[in-house]
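First comes the structure, then the notes that go with it.
Protein chains: 2
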Amino acid sequence: MNFFEQTGKMAIGSRLRLLTGRITDDSAMLYQLYGFDLTPKWFPVFFVLSQNEALSITEIAQQIGHSQPSVTKIIKEMTKAGLVKSNLKSADKRQNLVGLTAKGKLLAASIQVQYQDVAAAIEDLENQATYHLWEAVAEWEFLLDQQSLLSRVKQQRKLRESKDVTIVGYSPKYKKAFKELNEQWITKYFELEQADKDAINHPQSYIINKGGQILVALYKNEPVGVCALIKMDHPKYDFEMAKMAVSPEAQGKRIGYMLGTAIIEVAKKAGATYLYLESNTKLTPAINLYYKLGFEKIPSSPLLISGQISIWN
Amino acid sequence: MNFFEQTGKMAIGSRLRLLTGRITDDSAMLYQLYGFDLTPKWFPVFFVLSQNEALSITEIAQQIGHSQPSVTKIIKEMTKAGLVKSNLKSADKRQNLVGLTAKGKLLAASIQVQYQDVAAAIEDLENQATYHLWEAVAEWEFLLDQQSLLSRVKQQRKLRESKDVTIVGYSPKYKKAFKELNEQWITKYFELEQADKDAINHPQSYIINKGGQILVALYKNEPVGVCALIKMDHPKYDFEMAKMAVSPEAQGKRIGYMLGTAIIEVAKKAGATYLYLESNTKLTPAINLYYKLGFEKIPSSPLLISGQISIWN
DNA sequence: TTTAATTATATAACTGGTTATGCAAATTTA
DNA sequence: TAAATTTGCATAACCAGTTATATAATTAAA
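Residue numbers (this note's numbering), protein chains in the order written: chain A, 17 to 329; chain B, 17 to 329.
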């Protein structure tokens, strides 16, 4: 199996498929060896039916983890083989209650010896092994229930991509980016007010020269996010965090979070203890980010959330 | 997954199938997420082709562990998608040498980031687990290479069935069985001689009364095997082991072996140090059994093997 | 050097599952 | 209580693999 040494673990799906096929093939031969008229694909259905007097198609499907049409087909085949009787009396006329026939029950009783031998063989095999397949599979099921493989890979991608993101200070070459990124999202949700226009068109004079700061997030050396710290003249708040914008194409790389923590760092170094922030509550993802950064809601104003950093001190 | 707790490990095939499906489904979505025009089933072929300039269909099939028609179909699809060019120049005109196109090579290069993310996600998952799926699968492959599941179950069956076998001493109620079992196999291969007839028709007078012994193997209380110890008047050999017969229906339950070890035990208790045995070499399974019991060939006679017990002392 | 056997591939037919869909019965909602 | 929604099932169509088989090219054997 040199192939899988080359691919590494990302081929786990292919590798599992091959092993499964191997086991299923041998299982088919086992039923033959013991002289039972059964196929591996009937097994799960047969097993649950031997544990229950009668079940509906859907109940069986749920218990064994198959789709409902799969069970319908299997039941049809098993009925033909005389193992199962369907359409038993049910109060719910949509349901097709099925159960084992006398022949099926006889088979269920006599197949016990085969079950024992197979269980013993697998137990023996697992005892020879240092890694345990059964438990490993159970654990993967559990871990994938908690978070799917898809979502785990997405998380890894974010992690990797955030390594390609650097945060730099403002310089005139980012003037255009600062304007466009802010324009983009503000016009999407609101109208551009004069104060907005002033700030995003003239960051140097309206923000930096007044004691503020601007940070730019670069992804592969292209500016994809900005954030500003605006000097406030207020007894409690030293700065306002504002004009945070991230390009939609660069979403999902935790750029907002990186800009936020960086700007807080800058504010701290400038001696600030509280930051002010205004946001419309309808911008849910942004609000979540602010909470994550440590901002808290000021109860007074219902529509806006303003906040203060409670993280430090 | 309560179902698999009920079935126990004999449902390992079904359980693996479900897990495999789950992983494959997520893999398909991953290719979509990263924007690559690839499906999970192409992956093994695509991977080996990205490692080799050109391969024949059969070579690919062997490397990835698929059937040849499966690869043929996949190559057809990938050719249609422009990833693969087939019928490259080959000395052997039967062969269909295939390799990646420029587009395929580009894809191979750009998909590396996805590979990395998937590998990292799986690595992370395995690090969270106490049992390790990848290694467990590799170990099962190895153990099944050594001995198939089918053969392991057969072994367990023998073991179980040999527990239902008991060895008892001769009594007149086994007279018929002793005769029939011996008649059955002797007439199958040879002619019944007068000495044979005497012994199998009158075991009491011809064997036991002359200082010999007879053991009977019972399977579910039915006599299915016999073996005799015949007193010899010889300077070296105390007894001859003879008239061993096992019913064909009871074959494969290690009954011959059990009878043999029991009769040797009896001989030991009677003070014997060497046993004599004659057999025609064409009875290969029997010969193997005798060797297993500790008999050795007497070089002089080519057609017969006679022997001596060298196990004890 | 024919002839026979083997090898490489393609194709057809099958298998054990899946999703999509439509219909009838049951349940919930207005 | 009529209308809308949900549920249970069967059927159809598909999918990713398989085995069986035919054909052409190559290799081995007579």
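Each residue gets a CB set at the ideal place from its N, CA and C atoms; glycine is no exception.
Check: Cβ of A:Gly24 less than 8 Å from any chain B Cβ?
Finding: yes
Notebook entry, point to check: Tell me which same chain residues have a C-beta within less than 7 Å of the C-beta of B:Arg270, skipping the five on either side of it?
Noted result: Lys174, Ser178
Check: Taking the C-alpha atoms as reference points, what is the distance between B:Ile73 and B:Arg168?
Finding: 34 Å
Margin query: Rounding to the nearest angstrom, what Cα-Cα distance links B:Thr95 and B:Gly81 in this structure?
Written below: 21 Å
Check: Would A:Arg38 be called buried (16 or more neighbouring beta carbons within 10 Å of its own) or exposed?
Finding: buried
Notebook entry, point to check: Relative to the alpha-carbon of B:Gln132, which residue among B:Tyr50, B:Trp201, B:Pro264, B:Ile202 has its alpha-carbon at the smallest distance?
Noted result: B:Tyr50
Notebook entry, point to check: Just the Cα atoms here: how many angstroms apart are A:Met26 and A:Asn112?
Noted result: 42 Å
Notebook entry, point to check: Of the choices B:Arg176, B:Val181, B:Asn217, whose alpha-carbon is the least far from that of B:Phe194?
Noted result: B:Asn217
Check: Since A:Leu231 and A:Ile280 are thought to touch, with beta carbons under 8 Å apart, how far apart are those beta carbons, to the nearest angstrom?
Finding: About 10 Å separates the two Cβ atoms, so there is no contact after all.
Checklist line | Contiguous alpha helix (DSSP H) assignments of at least 4 residues, all confined to the segment 252-281 of chain A | finding: none
Note to self: Run through chain B and tell me which residues come within less than 7 Å of A:Tyr205, C-beta to C-beta.
What the structure shows: Ordered by position in chain B, no residue passes the 7 Å Cβ test against A:Tyr205, which lies about 27 Å from the chain.
Note to self: Which of the three DSSP states is assigned to A:Leu99 in this structure?
What the structure shows: coil
Check: Quick one: does A:Phe52 have its CB under 8 Å from some CB of chain B?
Finding: no
Notebook entry, point to check: Given 8 Å as the limit, is there contact between the segment 284-293 of chain B and the segment 196-210 of chain B, that is, 3 or more CB pairs closer than that?
Noted result: no
Next item on the list: Drop a sphere of 10 angstroms on the beta-carbon of A:His148, count the other beta-carbons inside from all chains shown, and report buried for 16 or more, exposed for fewer.
Entry: buried
Check: Hey, how far is the Cα of A:Glu238 from the Cα of A:Gln144?
Finding: 56 Å
Next item on the list: Please state if the CB of A:Ala302 and the CB of A:Lys259 are separated by a distance shorter than 8 Å.
Entry: no
Next item on the list: Give the C-beta separation of B:Ser164 and A:Phe59 to the nearest angstrom, bearing in mind that I take them to be a contact with Cβ-Cβ under 8 Å.
Entry: About 19 Å separates the two Cβ atoms, so there is no contact after all.
Note to self: So with CB distances below 8 Å, who are the chain B contacts of A:Trp156?
What the structure shows: Leu35, Leu141, Ala145, Leu149
Item checked: Short Cβ contact (8 Å threshold) for B:Ala261 with B:Leu197 -> yes
Note to self: Taking 7 Å as the limit between beta carbons, can you name the residues of its chain near B:Ile90, skipping five residues before and five after?
What the structure shows: Lys57, Trp58, Val61
Next item on the list: Look at the alpha carbon of B:Leu234 and the alpha carbon of B:Val242, and state the distance between them as a whole number of angstroms.
Entry: 9 Å
Check: Which parts of the segment 164-208 of chain A are runs of the beta strand (DSSP E), unbroken and 3 residues or longer, counting only runs that do not cross its ends?
Finding: 181-185
Next item on the list: Closer than 7 Å by beta-carbon distance: list the chain B residues that pair up with A:Ser43, in chain order.
Entry: Gly29
Checklist line | With 16 other Cβ atoms within 10 Å as the buried cut-off, status of B:Val129 | finding: exposed
Next item on the list: Measure the CB-CB distance between A:Phe63 and B:Thr23 and report whether it falls below 8 Å.
Entry: yes
Next item on the list: Give me whichever residues DSSP pairs with A:Ala233 in a beta bridge.
Entry: A:Ile183, A:Gly241
Notebook entry, point to check: The alpha helix (DSSP H) spanning A:Leu113 covers which residue range?
Noted result: Per DSSP, A:Leu113 belongs to no alpha helix (DSSP H); it is in the beta strand (DSSP E), 113-116.
Notebook entry, point to check: So is A:Val242 in contact with chain B if we call contact Cβ pairs under 8 Å?
Noted result: no
Checklist line | Contact with chain A by B:Trp328, beta-carbon distance below 8 Å | finding: Unreliable placement is indicated for B:Trp328, whose pLDDT of 34 sits below 50; the coordinate value is still reported in the next sentence. False, the Cβ-Cβ gap to chain A never drops below 8 Å.
Notebook entry, point to check: Looking only at its own chain, which residues have a Cβ that is under 6 Å from the Cβ of B:Leu54, when we skip the five neighbours before and after it?
Noted result: Tyr47
Margin query: Quick check on B:Leu123: buried or exposed, where buried means 16 or more other Cβ atoms within 10 Å of its Cβ?
Written below: buried
Notebook entry, point to check: Using the beta-carbon count (16 or more within 10 Å), is A:Asp42 buried or exposed?
Noted result: buried
Next item on the list: Please list the partners that B:Asp133 has in chain A, where partner means a Cβ-to-Cβ separation under 7 Å.
Entry: Val169, Gln172, Arg173, Arg176
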